[in-house]
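Numbering (the UniProt record's numbering), first residue to last: 1 to 312.
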């Protein structure tokens, strides 16, 4: 409803860059669930629960691929840990978001996911566009790492159509998959080549492209990555700018994404979980919980004073 402008709330996908410790993830989820109940008139908070990480070359590929963080790649264990964690979070009545990276993974987790992202490195992939056409939840396609918008527009156009391709069925057998298309797709602006693309001029350009391509007028702004020039502390400024655009009458911005954790910054990868600092990212730097709470409360207050997003 938010994507199709039937709900005035602003969706905010917020949470750790990646999940490596289920205990700290539940701690974070409990805090966010309480805040979600408080701010639910203005914001739809969706916890970012990313189990898979695309790598430019090599590195830790996420909790599903290597749940013990030691290179043993206990994928079966990782899938079980991931599913139990998603179940625990949704039991808190908090929706979750994930990045759809491996095309097999959604068979194990999709029923517990409310929103999915196709990352900047995979938006151009035919496999991921076809997969998205068969998923039963909204999908956000990120623009390319170089700032290319067209690949996200093409992905949205492709994913809304029916496809046939080789995949697996519910019994794990190779089969021909027939999808009906996904009407609930939108673009995610994350900047590119260390240049932001969330200004009012950037947004107007994207709106024009969406109209020209007959696509959903729905834009999410990623406050991190190139939009923050890879400085996690700048996410607040990105959010403030976007909220001002909404207050000034913008109708297409429907969502934000914020990388957040219990504690700020990040830390190097260790061989065991016990060696890591609790609640600190092992991938991208994040803002801490106190900053997150302040940001979300401020956004909700601004929208409340404005009467919510304008959708008509």
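Cβ atoms here follow ideal geometry from the backbone N, Cα and C, with glycine treated the same way. Keep in mind the model is a prediction, meaning the values are calculated, not measured.
**Study point:** For residue 237, the nearest candidate out of 252, 140, 248, 292 (CA to CA)
**Key:** Translated into the one-based positions of the chain shown, residue 237 becomes position 237. Here the closest residue by C-alpha is 292.
Point to revise | Opening and closing residue of the alpha helix (DSSP H) in which residue 246 lies | key: Numbered from 1 along the chain shown, position 246 holds the residue referred to as residue 246. 235 to 247 is the span of the alpha helix (DSSP H), which, as asked, contains residue 246.
Review point. What does a CB cutoff of less than 8 Å around residue 295 pick up in its chain, not counting 5 residues either side in sequence?
Key: Start at 1 with the first residue of the chain shown, and residue 295 comes out as number 295. Excluding residues within five positions, the ones whose Cβ falls inside 8 Å are 235, 236, 239, 258, 287.
Review point. Which residues in the same chain have their Cβ closer than 7 Å to the Cβ of residue 105, if we skip the five residues on either side of it in sequence?
Key: Within the chain shown, residue 105 is the residue found at index 105, counting from 1. If we look at residue 105 and ignore the five residues flanking it on each side, its Cβ neighbours are 52, 64.
Exercise for review: Could you give the DSSP three-state label for residue 285: helix, strand or coil?
Suggested key: As a first step, residue 285 must be located in the chain shown, where it is residue number 285. Three-state DSSP puts residue 285 in coil, outside helix and strand.
Exercise for review: Have a look at residue 279 and residue 8 and give me their C-alpha separation to the nearest angstrom.
Suggested key: Mapped onto the chain shown, residue 279 falls at position 279. Mapped onto the chain shown, residue 8 falls at position 8. Taking the straight line from one Cα to the other gives about 33 Å.
**Study point:** Under the three-state DSSP convention, the category residue 185 falls into
**Key:** The residue you call residue 185 lines up with position 185 of the chain shown. Of the three classes helix, strand and coil, the one that applies to residue 185 here is strand, per DSSP.
Practice item. State the CB to CB distance for the pair residue 255 and residue 12, rounded to an integer number of angstroms; the pair is presumed to be in contact (CB under 8 Å). Key: Indexing the chain shown from 1 puts residue 255 at position 255. Indexing the chain shown from 1 puts residue 12 at position 12. With a Cβ gap of about 7 Å, residue 255 and residue 12 count as contacting.
Point to revise | Beta-carbon separation (whole angstroms), residue 49 vs residue 119, contact threshold 8 Å | key: By one-based count along the chain shown, residue 49 stands at place 49. By one-based count along the chain shown, residue 119 stands at place 119. About 15 Å; that fails the 8 Å criterion.
Practice item. Determine the closest residue to residue 40 out of 297, 311, 4, with distance taken between C-alpha atoms. Key: Counted from its first residue, the chain shown places residue 40 at position 40. Ranking the options by Cα distance to residue 40, first place goes to 297.
Point to revise | Rounded straight-line distance, which links the Cα of residue 101 to that of residue 149 | key: On the chain shown, position 149 is the one that residue 149 refers to. On the chain shown, position 101 is the one that residue 101 refers to. Going by the C-alpha atoms only, they are around 20 Å apart.
**Study point:** Among 70, 76, 113, 107, the one whose alpha carbon lies nearest that of residue 90
**Key:** For this step, residue 90 is matched to residue 90 along the chain shown. Of the candidates 70, 76, 113, 107, the one whose C-alpha sits nearest the C-alpha of residue 90 is 113.
**Study point:** Residue from 289, 137, 84 with nearest C-alpha to residue 1
**Key:** Locating residue 1 in the chain shown gives position 1, counting from the first residue. Answer by Cα proximity: 137.
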